[in-house]
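K.L.:
Position 16 (the sequence shown) corresponds to 15 in numbering that gives the first Met the number 0; numbering is contiguous.
Glycine residues also receive a C-beta, built at the ideal position from the N, C-alpha and C atoms.
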Amino acid sequence: MKPSLRLTNALHILVYVATARPTDSLSSATIAGSINTNPSRVRALLAELQNANILCRQGPYPGRPVLARDSKDITFAEVLQAVEDCAAVFALDKHTNPDCPVGSSIGSALSKYYGEIDQAVMAVMGEMTLFDLVEDVKKNQTLPI
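(1) Short check: CB of residue 14 to CB of residue 44, under 8 Å?
(2) Going by CA-CA distance only, name the one from 33, 67, 35 that's closest to residue 46.
(3) Which residues does DSSP list as the beta-bridge partners of residue 55?
(4) Can you tell which of 22, 4, 106 has its C-alpha closest to the C-alpha of residue 97?
(5) With H, G and I counted as helix, E and B as strand and the rest as coil, what does DSSP make of residue 36?
(6) Since residue 74 sits in a beta bridge, which residues does DSSP pair it with?
(7) Apart from the five residues on each side of it in sequence, which residues of its chain come closer than 6 Å, Cβ to Cβ, to residue 100?
(8) Count the other CB atoms within 10 Å of the CB of residue 11; is the residue buried (16 or more) or exposed (fewer)?
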């Protein structure tokens, strides 16, 4: 199973928006150029972030994307929940053999452990903020923002 880049791309978008100067273009094409992806993917993520009240629009239609609140109040967990239908770390195999003693019960047994892992991951991600990420990006940047 290929890991999803939706969280990574959403965080990239948020950092891009958070560090943009008032004169910088925040079009989906410009942001897509930074991510190296398709502008339609950026538009979809922008819409999901807006629906989750992480981003809002400012100015005349279509409006410039801006953070809906302070970056210190936006957590990785919140962004993950905004852009992923299922935020589970591991997926259960739903096609195991129901006639096998192990195959018939492995899913319910693993779900307990996977649930604990998911809760731990979300707790850690709930402590990580967009502000922290923006600061790290600024420290690590090799090109001026």
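P.N.:
Working from what's here:
(1) No, Cβ-Cβ distance for residue 14 and residue 44 is not below 8 Å.
(2) Closest in alpha carbon position to residue 46, among 33, 67, 35, is 67.
(3) In the DSSP output, where bridge partners are listed per residue, residue 55 has 65.
(4) Of the listed residues, the one whose Cα sits closest to residue 97 is 106.
(5) The answer is coil: DSSP assigns residue 36 none of H, G, I, E or B.
(6) Looking at the DSSP assignment, residue 74 forms a beta bridge with 128.
(7) Counting only Cβ-Cβ distances below 6 Å, and skipping sequence neighbours, we find nothing.
(8) The residue in question, residue 11, is buried, as its Cβ has 16 or more Cβ neighbours within 10 Å.
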